[in-house]
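Scroll down for the structure; my scribbles are underneath it.
2 protein chains.
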Amino acid sequence: MATDTRERLVEAGSRLFQRQGLAGTGIKQILSEANAQFSSLYHHFPGGKDELAVDVIRASGLHYQQLVETVWDAAPDVVTGVRAIFEGAAAVLEATDYADACPIATVALEVASTNEPLRVATAEVFDAWTHAGTARFVDSGVGAAESRRLALTVIALLEGAFVLGRATRSVEPMASAAEAAVTVVRRALDLLGSPAGSPQ
Amino acid sequence: MATDTRERLVEAGSRLFQRQGLAGTGIKQILSEANAQFSSLYHHFPGGKDELAVDVIRASGLHYQQLVETVWDAAPDVVTGVRAIFEGAAAVLEATDYADACPIATVALEVASTNEPLRVATAEVFDAWTHAGTARFVDSGVGAAESRRLALTVIALLEGAFVLGRATRSVEPMASAAEAAVTVVRRALDLLGSPAGSPQ
DNA sequence: CGCTCTCTGGATAGATCGATCCAATCACGA
DNA sequence: TCGTGATTGGATCGATCTATCCAGAGAGCG
Chain A
227 MATDTRERLV EAGSRLFQRQ GLAGTGIKQI LSEANAQFSS LYHHFPGGKD ELAVDVIRAS
287 GLHYQQLVET VWDAAPDVVT GVRAIFEGAA AVLEATDYAD ACPIATVALE VASTNEPLRV
347 ATAEVFDAWT HAGTARFVDS GVGAAESRRL ALTVIALLEG AFVLGRATRS VEPMASAAEA
407 AVTVVRRALD LLGSPAGSPQ
Chain B
227 MATDTRERLV EAGSRLFQRQ GLAGTGIKQI LSEANAQFSS LYHHFPGGKD ELAVDVIRAS
287 GLHYQQLVET VWDAAPDVVT GVRAIFEGAA AVLEATDYAD ACPIATVALE VASTNEPLRV
347 ATAEVFDAWT HAGTARFVDS GVGAAESRRL ALTVIALLEG AFVLGRATRS VEPMASAAEA
407 AVTVVRRALD LLGSPAGSPQ
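This is the structure we're talking about:
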């Protein structure tokens with residue numbers, strides 16, 4: 227056993243923050259789910275709830291990135307990889323009764339205008355995702371600027387579909403977002419062969 | 227003066243819920259900003275905070291829809307209209323120091339798995355937006371199913387760009403989302419002339 | 001005027017919030 | 001074996017939360 231208490235706290239916090247948000251989750255509830263005590267939390271996180279939240283944001287953000295990269299790596303090409311990400315997200319949504327979507331989006335919106343340290347933590351996660359996505363498209367031959375646009379677009383589609391999907395309890399938004407993501411990515415790849423302006 | 231107290235409560239609630247979320251906003255703060263008393267709130271909304279929240283979600287959702295439709299109507303064509311929506315959203319984001327984005331997204335994520343009546347209220351707003359958007363694309367000659375996909379895609383891009391933009395304090399995600407939305411919409415319109423399969 | 005219904009002023013209850021305290025317990029090296 | 005620092009058990013504090021209560025002010029109508 228030893229000291230996995232800290233891990234259990236971060237784990238419980240991740241689960242609860244993701245589904246109920248930061249303000250909607252009480253410390254007592256976190257302690258209960260983590261089988262821990264007040265003293266343990268304030269020992270590992272002297273800054274209290276906010277310091278725990280920073281760790282939760284970083285940990286769950288990194289964890290989700292690794293999950294997505296694993297899915298992406300398993301695909302034979304970029305377009306298939308992008309599609310697999312959206313399909314995986316839809317599958318998780320349904321499997322968890324529309325509870326598990328983006329691990330940090332709820333908190334990100336909550337703190338964006340009210341808690342600067344936490345806002346920065348969420349921004350760093352989104353930046354990391356953006357850079358990782360950008361690198362993938364660059365590896366496929368897409369230019370740097372366009373790759374970054376693609377990465378932001380894919381992440382935005384994913385986040386937006388999470389919002390709509392959780393609210394309406396439907397994977398239809400995720401399916402539409404997947405189609406759009408595939409269309410945009412495929413178009414960028416197609417344009418590599420014909421660098422001239424797009425035919426319109 | 228008479229009884230605009232109810233309106234002031236809904237107005238203050240809209241502002242605060244949008245920026246701080248539901249759980250992050252106390253009733254006292256709403257009363258303070260609305261210059262009202264406990265008795266007034268519980269007179270107009272016997273169900274308390276949740277009943278007020280339902281009204282806030284409906285009112286701000288409808289208000290935002292009307293705002294977007296006004297912008298859309300002012301554009302000469304569909305593609306220009308879609309672009310104008312994203313540009314307007316980016317302008318508001320910057321003008322409000324990245325505080326005012328989607329009026330209900332924060333609450334929607336908070337309540338999606340914790341408060342069924344409020345979740346339904348947010349779902350109805352998103353459904354209304356989806357139907358309105360779908361109708362616009364249908365009016366442009368796009369098929370019903372594809373129009374719905376386009377509407378969901380545009381809304382998802384907007385919502386996702388709101389999340390990324392508020393967190394990173396940047397309008398870059400909104401700009402990328404705008405490009406993607408224009409690309410997808412334009413492609414759907416182009417395909418109207420050539421009903422055969424898309425060239426890939 | 002007097003009745004009634006709508007609405008508000010303000011105090012307060014009861015619960016929960018985040019946070020702190022100190023003593024007890026644990027692991028581990030000297 | 002002793003001691004030292006890391007960790008935990010559990011009570012408790014003050015603040016804040018949502019909600020309720022009742023008396024009183026105001027408008028409309030007979």
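Residue numbers (the numbering used here), protein chains in the order written: chain A, 227 to 426; chain B, 227 to 426. C-beta atoms are modelled at their ideal positions from N, C-alpha and C, and glycine is treated no differently.
C-alpha gap between Q292(B) and E237(B), whole angstroms | On the second sequence, position 66 is the one that residue 292(B) refers to. On the second sequence, position 11 is the one that residue 237(B) refers to. Their backbone Cα atoms lie some 16 Å apart in a straight line.
Mark E342(B) as exposed unless 16 or more other C-beta atoms lie within 10 angstroms of its C-beta, in which case mark it buried.
-> Within the second sequence, numbered from 1, the residue matching residue 342(B) stands at position 116. Exposed, because fewer than 16 other Cβ atoms sit within 10 Å of the Cβ of E342(B).
Would you mind sorting T306(B) into buried or exposed? The rule is 16 or more other CB atoms within 10 Å of its CB.
-> Taking the second sequence and counting its residues from 1, one reaches residue 306(B) at position 80. It counts as exposed.
Quick one: what's got a C-beta closer than 8 Å to V411(B)'s C-beta in the same chain, skipping five residues either side?
-> Within the second sequence, residue 411(B) is the residue found at index 185, counting from 1. Excluding residues within five positions, the ones whose Cβ falls inside 8 Å are V304, V305, V308, F363, L376 and V380.
E208(A) versus L418(A): straight-line alpha-carbon distance, rounded = Only positions 227 to 426 of chain A appear in this structure, which leaves residue 208(A) out of reach.
Could you tell me if V388(A) is buried or exposed, where buried requires 16 or more neighbouring beta carbons within 10 angstroms of its beta carbon?
-> The count along the first sequence starts at 1 and reaches residue 388(A) at position 162. For clarity, residue 388(A) is Phe in the given sequence; the question names Val instead. The residue in question, F388(A), is buried, as its Cβ has 16 or more Cβ neighbours within 10 Å.
CB of I447(B) within 8 Å of CB of G273(B), strictly = The requested residue 447(B) is not part of the displayed model; chain B covers only 227 to 426.
From what residue to what residue does the alpha helix (DSSP H) around G266(B) run?
-> Position 40 of the second sequence, counted from the start, is the residue given in the question as residue 266(B). Here residue 266(B) turns out to be Ser, not Gly, going by the sequence shown. Note, S266(B): alpha helix (DSSP H), F264 to H270.
With a 10 Å radius around its C-beta and 16 neighbouring C-beta atoms as the bar for buried, classify Q263(A) as buried or exposed.
-> The residue labelled residue 263(A) in the question sits at position 37 within the first sequence. Counting the other Cβ atoms within 10 Å of the Cβ of Q263(A) gives fewer than 16, which makes it exposed.
How would you label T251(A), buried or exposed, when you count the other beta carbons within 10 angstroms and need 16 or more for buried?
-> Along the first sequence, read from residue 1 onward, the residue named residue 251(A) stands at position 25. It is buried - the Cβ of T251(A) has at least 16 other Cβ atoms within 10 Å.
From R245(B), V368(B), G391(B) and E277(B), residue whose alpha carbon lies closest to that of A317(B) | Position 91 of the second sequence holds residue 317(B). Nearest of R245(B), V368(B), G391(B) and E277(B) to A317(B), Cα basis: G391(B).
Kindly provide the ranges of any beta strand (DSSP E) runs that are 3 or more residues long and lie completely inside the region 295-379 of chain B, ordered along the chain.
-> none
Alpha carbon to alpha carbon, what distance is there between A407(A) and Q426(A)?
-> One-based indexing of the first sequence puts residue 426(A) at position 200. One-based indexing of the first sequence puts residue 407(A) at position 181. Bear in mind that a pLDDT of 41 at Q426(A), under 50, signals an unreliable position, so the number given afterwards is only what the model happens to contain. Those two C-alpha atoms are separated by around 20 Å.
Taking 8 Å as the CB-CB limit, is R284(B) close to chain A?
-> Indexing the second sequence from 1 puts residue 284(B) at position 58. Not closer than 8 Å to any Cβ of chain A, the Cβ of R284(B) fails to qualify, so no.
Give a yes or no on whether the minimum CB-CB distance between R232(A) and chain B is below 8 Å.
-> Indexing the first sequence from 1 puts residue 232(A) at position 6. Closer than 8 Å: no.
Okay, do the region 342-355 of chain A and the region 270-284 of chain A touch, 3+ Cβ pairs below 8 Å being the bar?
-> yes
Looking at G386(A) and G386(B), is the spacing between their C-beta atoms short of 8 Å?
-> As a working mapping, residue 386(B) is identified with position 160 in the second sequence. As a working mapping, residue 386(A) is identified with position 160 in the first sequence. Against a cut-off of 8 Å, the Cβ pair of G386(A) and G386(B) comes out as a contact.
Answer yes or no: does any C-beta atom of chain A fall closer than 8 Å to that of V410(B)?
-> Locating residue 410(B) in the second sequence gives position 184, counting from the first residue. Cβ-Cβ to chain A under 8 Å: yes for V410(B).
Beta carbon proximity, P399(B) to chain A, threshold 8 Å | Residue numbering aside, residue 399(B) sits at position 173 when the second sequence is read from its first letter. Yes, its Cβ sits closer than 8 Å to a Cβ of chain A.
State the Cα-Cα distance for the pair R413(A) and I253(A), rounded to the nearest angstrom.
-> As a position in the first sequence, residue 413(A) is number 187, starting the count at 1. As a position in the first sequence, residue 253(A) is number 27, starting the count at 1. Roughly 48 Å separates the two Cα atoms.
If you draw a straight line from the alpha carbon of D416(B) to that of A370(B), how long is it in whole angstroms?
-> Taking the second sequence and counting its residues from 1, the one referred to as residue 416(B) is at position 190. Taking the second sequence and counting its residues from 1, the one referred to as residue 370(B) is at position 144. Using only the alpha carbons, I get a separation of about 16 Å.
Could you have a look at G252(A) and say whether DSSP puts it in helix, strand or coil?
-> Stepping through the first sequence from its first residue, residue 252(A) is reached at position 26. In the three-state scheme derived from DSSP, where H, G and I count as helix and E and B as strand, G252(A) is classed as coil.
Within its chain, find whatever has a CB closer than 7 Å to the CB of S424(B); leave out the 5 residues flanking it on each side and keep chain order.
-> Counting from 1 along the second sequence, the entry for residue 424(B) is found at position 198. Because the pLDDT of S424(B) is 44, which lies under 50, any placement of that residue in the model is unreliable, and the number read from its coordinates should be weighed accordingly. These residues qualify, in order along the chain: L417.
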